[in-house]
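If you count the sequence shown from 1, you need to add 10 to reach my numbering.
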Amino acid sequence: MIKSVFGLMAALVFAGNAAAGSLEVLGADATGRLNLPFSEAVAVGDLLFVSGQIGSRPGELRLVEGGVRAQTRQAMANIIAILEKYGSGAEKIAKCTVFLDDMSRWGEMNIAYIEALGEHRPARSAVGVSGLALNGSVEIECIAAR
Numbered sequence: 011m012i013k014s015v016f017g018l019m020a021a022l023v024f025a026g027n028a029a030a031g032s033l034e035v036l037g038a039d040a041t042g043r044l045n046l047p048f049s050e051a052v053a054v055g056d057l058l059f060v061s062g063q064i065g066s067r068p069g070e071l072r073l074v075e076g077g078v079r080a081q082t083r084q085a086m087a088n089i090i091a092i093l094e095k096y097g098s099g100a101e102k103i104a105k106c107t108v109f110l111d112d113m114s115r116w117g118e119m120n121i122a123y124i125e126a127l128g129e130h131r132p133a134r135s136a137v138g139v140s141g142l143a144l145n146g147s148v149e150i151e152c153i154a155a156r
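Put into structure tokens, the structure is as follows:
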């Protein structure tokens, strides 16, 4: 009896992990049209991993004008649109990583970031880097619940 209970428990744990570990690539067609080698997001179980977004409008490979604040606004708009497209939303963001080409612009980025998320405060890291795509000022990636 104990062996069968442990066997059943092991089977249930394995089945649960297999379902949670299923990977679904989302939006590869959207990035593929721009000849980019990644997808908009990947779903694993109930989590969405959104690819890093820069301050360019969807379907374009040029940055919006206005510096780090405008680029942050656009990157966050892109993230929120992707989340909503795949059944999530800004309020379900669990973690963001922000990459800045100049950490002295952290305050400017924060203004636009807070505008985008309102009272929601997901976990976040901000990292200074030596360069970003299209010579941008900011790139943001997020993980959200579905």
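All C-beta atoms, glycine included, are put in the ideal place defined by N, C-alpha and C. Note that this is a predicted model, so its numbers are computed, not measured.
Thinking residue i and residue j are a contact (beta carbons under 8 angstroms), I'd like their distance in whole angstroms, please.
i: M119; j: V108; result: 6 angstroms
i: A104; j: A155; result: 6 angstroms
i: S98; j: L58; result: 5 angstroms
i: I150; j: G62; result: 7 angstroms
i: L127; j: A91; result: Incorrect: roughly 14 angstroms between the Cβ atoms, too far for contact.
Can you check which of these residues, the options, is closest to residue i by C-alpha distance?
i: A40; options: L33, R72, F48; result: F48
i: N45; options: L36, E70, V60; result: E70
i: C152; options: K95, E125, M86, D112; result: M86
i: Q84; options: K95, R72, Y96, S66; result: S66
i: N113; options: S135, E94, L73, H130; result: Inspection of the sequence shows that residue 113 is occupied by Met rather than by Asn. For M113, the nearest C-alpha among the options comes from S135.
Going by DSSP, which residues form a beta bridge with residue i?
i: I150; result: Q63, V108
i: A133; result: K105
i: E34; result: A53
i: A155; result: L57
i: G138; result: L110
Where are the alpha helix (DSSP H) runs, 4 residues long or more, that stay fully inside the region 46-106, in chain order?
Scanning the region 46-106 for uninterrupted alpha helix (DSSP H) segments of 4 residues or longer gives 77-95, listed from N- to C-terminal end.
Quick check: the region 126-142 against the region 66-80, are there 3 or more CB pairs under 8 angstroms?
With a cut-off of 8 angstroms, the region 66-80 and the region 126-142 do not count as touching, because too few Cβ pairs lie within range.
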